[in-house]
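In my numbering, the protein residues as written are 58 to 605. Here a beta-carbon is modelled for each residue, glycine too, at the ideal position from N, C-alpha and C. Quick caveat: nothing in here was measured; it's all calculated off a predicted structure. Working notes, structure below.
Pasting the structure below:
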């Protein structure tokens, strides 16, 4: 797997500068770089650090778009799900979910059952099993916790998920970089350059010396997600484009009645689609969908959202009896949806994307609105074609439709996985963790251990992460801060305490083996502890309560 280890403070003129290293910006950068265009990708934070990291982690086949008859979104979702299952098998997996049919729900069971069957027809040739109707006998056998709550039948929808969206984002960045793209993280865009009455580049704050640097570009793509309007403000007056809605999730340990498969159900309060998702040995509960007009730089769940989510699960699974004390941590963010004015039901806003090619004094700028985790590649393809046309080139076939992500092996994933674990010098648990997390990049981590055996030390007993992963994050994966390492490379922060207990040991490894000074490690630890408060971890809530 190629490395992502360089940071260029001075960048030569490029064909396209992309603002925003979320899933949309990454998709555009990857597609454009693979088409032979020169690309720079700039973000004020890390790769996939904000909106792309707060999703429900589903690679969804578009079932919910059927009722709105948005068949183009259904087809697109199915196609892109199939591509990811084939080209990123180490990250994207089959994920069955039960849809319970409950008396009084807004969508009658027979209607949902018809939708499941129709989805099978639209997804003909899919690499997943056919959807099924689940009747009383099987419901009582396989989902007794739901049967006890009065669910008599339902539908089994075969979908997919990506447990580690952080690693998906990282691999898109690695692939773009391997094909020539320059990535500048933790580098805030301060202004857009204008020459001859059009946009001709960007000016950004360099993360190394804090100075202002500029990049000349024939085109600039505004892929800043919820921050799209902030970028447009650098151009001058403009109409509001973004109308974000807030979404929050809770993370809990396995509980009484916890299902073995995902449950996709209606909220008893407002009929909003909700999920109880088995995830990394724990459960994720989500999500809310409420209009949001406050600051998008720091978002946390509120007590009403927590009560809403917990109440829905307790109504569905009576013996769960979940309370706020059971919540390990939570995460919140906003969906980058188009602004449509006042709206009582945000779920009615289309999840389709919009590509704005600016004219007049803003010529040279392309703005992206919307977009989804599942269909990121398709959006990147559409934008890259518009870029090529604007540059006077004839767009060709997409090079990403058949391109595997860097962590995927050349052969069968299951065979590679078993072979790696079997021949690894690491203990089975460690070998299993790194291959499941990093794909073929696990080979690089193994080589670090071979060269320095002490890097086999476990630095987080909860996840089983080893010291070599921290070194790999800095040396080979472009991590700059401790949060980059713990949360988005090692994904240790997805454990029970958002990585707070493991962070000191990981920082110590970086001091000893990655060139960090003790002073830098101390400062990074302080910033990490402060940053993780946005997840409202239970350990911090307990400390605060004890302090009072």
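Practice problem: Enumerate in chain order the residues of its own chain whose CB-to-CB distance from residue 325 is below 7 Å, with the five nearest sequence positions on each side excluded. | Solution: Start at 1 with the first residue of the chain shown, and residue 325 comes out as number 268. Excluding residues within five positions, the ones whose Cβ falls inside 7 Å are 369, 372.
Quiz item: Can you name, in chain order, every residue of its own chain whose Cβ lies under 8 Å from the Cβ of residue 316, other than the five neighbours on each side?
Solution: On the chain shown, residue 316 is found 259 positions in, with the first residue counted as 1. Around residue 316: 155, 200, 202, 203, 333, 335, 374.
Exercise. Kindly indicate the opening and closing residues of the alpha helix (DSSP H) around residue 162.
Key: For this step, residue 162 is matched to residue 105 along the chain shown. Careful: residue 162 lies outside any alpha helix (DSSP H) and carries neither H nor E.
Self-check item: Enclosing alpha helix (DSSP H) for residue 606 [first to last residue]
Solution: Nothing about residue 606 can be read from this structure; the chain reaches only from 58 to 605.
Quiz prompt | Residue from 111, 581, 521 with nearest C-alpha to residue 353 | solution = Position 296 of the chain shown, counted from the start, is the residue given in the question as residue 353. Nearest C-alpha to residue 353: 111.
Quiz item: For residue 534, does the three-state DSSP call read helix, strand or coil?
Solution: In the chain shown, residue 534 corresponds to position 477, counting from 1. Residue 534: coil per DSSP, three-state reduction.
Quiz item: What is the DSSP secondary structure of residue 429, reduced to helix, strand or coil?
Solution: Position 372 of the chain shown holds residue 429. In this structure, residue 429 counts as coil in the three-state DSSP scheme.
Quiz prompt | Sequence ranges, beta strand (DSSP E) only - wholly within the segment 497-550, length at least 3 | solution = 515-517
Self-check item: Inter-residue spacing [alpha-carbon to alpha-carbon] between residue 522 and residue 515
Solution: Mapped onto the chain shown, residue 522 falls at position 465. Mapped onto the chain shown, residue 515 falls at position 458. Their Cα atoms are separated by approximately 6 Å.
Self-check item: residue 536 beta carbon less than 9 Å from that of residue 103
Solution: On the chain shown, residue 103 is found 46 positions in, with the first residue counted as 1. On the chain shown, residue 536 is found 479 positions in, with the first residue counted as 1. Yes.
Practice problem: Starting from residue 130, follow the alpha helix (DSSP H) in both directions and report where the run begins and ends. | Solution: The residue you call residue 130 lines up with position 73 of the chain shown. Per DSSP, residue 130 belongs to the alpha helix (DSSP H) from 128-144.
Quiz item: Going by other Cβ atoms of all chains shown within 10 Å of its Cβ, with 16 needed for buried, is residue 469 buried or exposed?
Solution: Along the chain shown, read from residue 1 onward, the residue named residue 469 stands at position 412. Under this definition residue 469 is an exposed residue.
Quiz item: So, using beta-carbon positions, are residue 425 and residue 440 closer together than 9 Å?
Solution: The count along the chain shown starts at 1 and reaches residue 425 at position 368. The count along the chain shown starts at 1 and reaches residue 440 at position 383. Cβ distance < 9 Å, so residue 425 and residue 440 count as in contact.
Quiz item: Taking contact to mean at least 3 C-beta pairs separated by less than 8 Å, is the segment 528-547 in contact with the segment 60-78?
Solution: yes
Quiz prompt | Per DSSP, the bridge partner or partners of residue 336 | solution = Looking up residue 336 in the chain shown gives position 279. According to DSSP, which records beta bridges pairwise, residue 336 is partnered with 339.
Self-check item: Complete runs of the alpha helix (DSSP H) confined to the segment 176-247 [at least 4 residues]
Solution: 193-199, 201-205, 222-235
Quiz item: Taking C-beta to C-beta, are residue 115 and residue 278 nearer than 9 Å?
Solution: Residue numbering aside, residue 115 sits at position 58 when the chain shown is read from its first letter. Residue numbering aside, residue 278 sits at position 221 when the chain shown is read from its first letter. For residue 115 and residue 278, no; Cβs fall outside 9 Å.
Quiz item: If you check the beta carbons only, do residue 145 and residue 83 fall under 9 Å apart?
Solution: Residue numbering aside, residue 145 sits at position 88 when the chain shown is read from its first letter. Residue numbering aside, residue 83 sits at position 26 when the chain shown is read from its first letter. Not in contact: residue 145 and residue 83 (Cβ atoms no closer than 9 Å).
Exercise. Evaluate the contact criterion for the segment 298-308 versus the segment 355-368: three or more CB pairs, one atom per stretch, below 8 Å.
Key: yes
Quiz item: The alpha helix (DSSP H) spanning residue 477 covers which residue range?
Solution: To locate residue 477, count along the chain shown from 1; it is residue 420. Segment 470-480, the alpha helix (DSSP H) holding residue 477.
Self-check item: Simplified DSSP state of residue 573, which is helix, strand or coil
Solution: Taking the chain shown and counting its residues from 1, the one referred to as residue 573 is at position 516. Residue 573: coil per DSSP, three-state reduction.
Self-check item: Which listed residue (93, 99, 511) has its alpha carbon closest to that of residue 80
Solution: Within the chain shown, the letter at position 23 stands for residue 80. Looking at the Cα atoms, 99 is the closest of the given residues.
Quiz item: residue 485 lies in the alpha helix (DSSP H); which residues open and close that run?
Solution: In the chain shown, the residue the question calls residue 485 occupies position 428. From DSSP, the alpha helix (DSSP H) with residue 485 extends over 485-495.
Quiz prompt | Span of the alpha helix (DSSP H) around residue 604 | solution = Taking the first residue of the chain shown as 1, we reach residue 604 at position 547. Unbroken alpha helix (DSSP H) run through residue 604: 595-604.
Quiz item: Rounded C-beta distance between residue 339 and residue 217? I'm assuming under 8 Å.
Solution: In the chain shown, the residue the question calls residue 339 occupies position 282. In the chain shown, the residue the question calls residue 217 occupies position 160. Contact flag wrong, Cβ pair sits at about 19 Å.
Practice problem: State the DSSP-derived secondary structure class of residue 290, mapped to helix, strand or coil. | Solution: Walking along the chain shown from the start, residue 290 turns up at place 233. Helix at residue 290.
Quiz prompt | Nearest-angstrom Cβ-Cβ length linking residue 39 and residue 493, presumed shorter than 8 Å | solution = Since the first residue of the chain shown is 58 and the last is 605, residue 39 is not available in this structure.
Quiz prompt | Separation of residue 596 from residue 557, as counted between CA atoms | solution = By one-based count along the chain shown, residue 557 stands at place 500. By one-based count along the chain shown, residue 596 stands at place 539. If I take the Cα positions, the gap works out to 9 Å.
Quiz item: Since residue 74 contacts residue 274 with CB under 8 Å, what's their CB separation in whole angstroms?
Solution: To locate residue 74, count along the chain shown from 1; it is residue 17. To locate residue 274, count along the chain shown from 1; it is residue 217. Their Cβ separation, rounded to whole angstroms, is 4 Å, which keeps residue 74 and residue 274 in contact under 8 Å.
Quiz item: Helix, strand or coil: how does DSSP classify residue 561 here?
Solution: Indexing the chain shown from 1 puts residue 561 at position 504. Helix at residue 561.
Quiz item: Is it buried or exposed for residue 293, if we count other Cβ within 10 angstroms and need 16 for buried?
Solution: Residue mapping note: residue 293 aligns to position 236 of the chain shown, counting from 1. Its Cβ having fewer than 16 others within 10 Å, residue 293 is exposed.
Quiz item: So what's residue 61 in DSSP terms, helix, strand or just coil?
Solution: As a first step, residue 61 is located in the chain shown; it is residue number 4 there, counting from the start. In the structure shown, residue 61 sits in coil (DSSP, three-state: anything other than H, G, I, E or B).
Quiz item: Quick one: complete alpha helix (DSSP H) runs, 4+ long, within the segment 317-381?
Solution: 360-373
Exercise. Please list, in chain order, all residues of the same chain as residue 376 whose beta carbon is under 8 Å from its beta carbon, the five residues on each side excluded.
Key: Locating residue 376 in the chain shown gives position 319, counting from the first residue. Excluding sequence neighbours, residue 376 sits near 202, 205, 313, 314.
Quiz prompt | Rounded separation between residue 187 and residue 214 - CA only | solution = On the chain shown, residue 187 is found 130 positions in, with the first residue counted as 1. On the chain shown, residue 214 is found 157 positions in, with the first residue counted as 1. Each residue's Cα considered, the two are about 8 Å apart.
Quiz item: Using DSSP with H/G/I as helix, E/B as strand and the rest coil, what is residue 120?
Solution: Your numbering for residue 120 matches position 63 in the chain shown. DSSP places residue 120 in helix when its eight states are reduced to three.
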